[in-house]
Amino acid sequence: MTRTGGTPKARAGIAPSSPQAPDPTGADWQVWTPGRYQLAEGLRPHRGGMVFVDLLKGDLYRCADTPGRAPDRLLGLGVPLGAVAPVSGGGNSDGDDGDSEWIVAAGTGIALVTEGGRPRWLDRPEAHAKLPMRMNDGVCDPAGRFWAGSMALGGDAPVGSLYRVDHDGTVHRVLYGLAVPNGPAFSPCGSLMYLADSAEGTVLRYPVDPRTGALGAPSLLARFTAAEGRPDGMTVDDEGLLWLALWGAGQVRCHTPDGVRVQTLDLPTPHTSSVAFGAGRMYVTTARHRLTVPDPLAGAVFARASPTTSPPARPFGPSPGQRGPYSDGHVPSYLEFMRRNL
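Using the working numbering, you'd call the opening residue of the sequence shown number 5 and step up by one each time.
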């Protein structure tokens with residue numbers, strides 16, 4: 005989520021919701037969900053399907069297999085739910101009939117929760133912050149560590165942080181001074197992390213030590229003006245390309261790891277918020293939140309046929325005995341990184 009307003013775009017090229025599959029040429033978007041969500045976010049391919057959150061309501065949904073059918077609600081936490089990842093061995097693997105367990109970035113912290121159950125908090129690091137805070141986007145890296153950002157409720161102050169949850173459940177703050185962190189997303193081998201600050205309009209690329217999760221010095225991958233839109237949710241495909249939703253622009257853009265833009269896709273509503281691939285389709289969430297002009301398509305989940313593939317949602321894999329790289333107590337500032345390296 006970002007703070008930029010927007011206006012509706014022309015609706016040409018949108019196929020109505022129907023039992024039919026998306027156009028096989030990939031030329032048209034379909035409205036996949038009959039409902040409209042205030043702030044749909046956090047698309048993740050999971051168990052051959054697709055899950056997403058309605059962030060401000062605190063709900064987790066699984067998309068139906070065909071367009072026009074209501075998604076199943078898996079969780080209703082009653083606090084803002086920024087992101088989820090399945091838990092390894094928690095009933096989230098194909099063929100596992102147990103209850104699904106998730107690690108969630110919700111409210112002011114990070115918790116484990118079983119479908120229908122209450123959160124078991126690992127930590128609530130933003131519970132006593134000076135400003136009202138909430139968790140935002142997050143994802144597991146290829147090694148099974150969970151990463152999630154936090155932000156002020158208004159998104160107008162650089163007081164947010166990026167947290168990493170190691171396999172033993174320890175929560176580490178690895179960056180601070182962020183305004184609206186979105187992502188992160190990781191390269192297939194886990195050696196690169198991409199992180200957006202939507203308020204700043206930047207996407208940074210960090211080297212990552214896959215063994216420890218320690219971050220190296222960042223470089224600027226892309227910068228966007230307010231007129232171009234604000235970088236929001238993102239994913240990396242199996243070829244290592246970064247796909248990025250641009251809030252306020254009604255676009256999804258594809259960049260190489262060096263920042264070269266190779267594709268732009270337009271959607272018919274401005275607040276595009278996350279993107280993911282699964283079952284031969286590209287899915288994109290959108291939002292009604294902070295629209296300046298009413299839009300009947302805002303808040304829908306869209307899909308179109310796509311040959312692009314990406315890994316399923318990587319599970320959080322708890323294992324004992326791991327320590328974070330900042331055991332000396334020094335947490336590097338995002339602004340410090342920017343001053344030193346950009």
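A virtual CB, placed ideally from N, CA and C, is assigned to each residue, including glycine.
Per DSSP, cross-strand counterpart(s) of residue i
| i | result |
| --- | --- |
| residue 278 | 289 |
| residue 4 | Summary: the structure shown does not reach residue 4, with the chain confined to residues 5 through 346, and so no result is reported for it. |
| residue 250 | 235 and 255 |
| residue 50 | 53 |
| residue 164 | 182 |
| residue 1 | Residue 1 is absent from the structure shown; the chain starts at 5 and stops at 346. |
| residue 80 | 63 |
| residue 175 | 169 |
Burial state of residue i (16 or more Cβ within 10 Å)
| i | result |
| --- | --- |
| residue 45 | buried |
| residue 130 | buried |
| residue 132 | exposed |
| residue 149 | buried |
| residue 112 | buried |
| residue 206 | buried |
| residue 48 | buried |
| residue 242 | exposed |
| residue 135 | exposed |
| residue 317 | buried |
| residue 222 | buried |
| residue 80 | exposed |
| residue 297 | exposed |
Through-space distance from residue j to residue i, alpha-carbon basis
| i | j | result |
| --- | --- | --- |
| residue 271 | residue 253 | 9 angstroms |
| residue 74 | residue 214 | 39 angstroms |
| residue 325 | residue 144 | Residue placement at residue 325 is poorly supported in this model, since its pLDDT is 42, which falls under 50; the coordinates still yield a value, given next. Their backbone Cα atoms lie some 19 angstroms apart in a straight line. |
| residue 189 | residue 198 | 5 angstroms |
| residue 240 | residue 281 | 10 angstroms |
| residue 100 | residue 256 | At residue 100, the pLDDT of 45 sits below 50, so the modelled position is not reliable and the matter cannot be decided from this model. |
| residue 117 | residue 234 | 31 angstroms |
| residue 166 | residue 283 | 31 angstroms |
| residue 40 | residue 273 | 12 angstroms |
| residue 216 | residue 299 | 45 angstroms |
| residue 352 | residue 160 | Within the shown structure, residues of the chain are numbered from 5 to 346, placing residue 352 beyond reach of any answer. |
| residue 308 | residue 34 | 6 angstroms |
| residue 176 | residue 32 | 43 angstroms |
| residue 179 | residue 146 | 20 angstroms |
| residue 4 | residue 140 | Since the first residue of the chain shown is 5 and the last is 346, residue 4 is not available in this structure. |
Integer-rounded CB distance, given that residue j should sit under 8 angstroms from residue i
| i | j | result |
| --- | --- | --- |
| residue 77 | residue 63 | 6 angstroms |
| residue 37 | residue 288 | The Cβ separation is near 11 angstroms, so there is no contact. |
| residue 121 | residue 192 | Rounded, the Cβ-Cβ distance is 33 angstroms, inconsistent with contact. |
| residue 57 | residue 320 | About 16 angstroms; that fails the 8 angstroms criterion. |
| residue 152 | residue 87 | 6 angstroms |
| residue 156 | residue 137 | 6 angstroms |
| residue 164 | residue 185 | 6 angstroms |
| residue 183 | residue 211 | Wrong, their Cβ atoms sit about 23 angstroms apart, outside the cutoff. |
Starting from the N-terminal side, write out each stretch of the beta strand (DSSP E) that is 3 residues or longer and does not extend beyond the stretch 182-218. 185-190, 196-201 and 206-211
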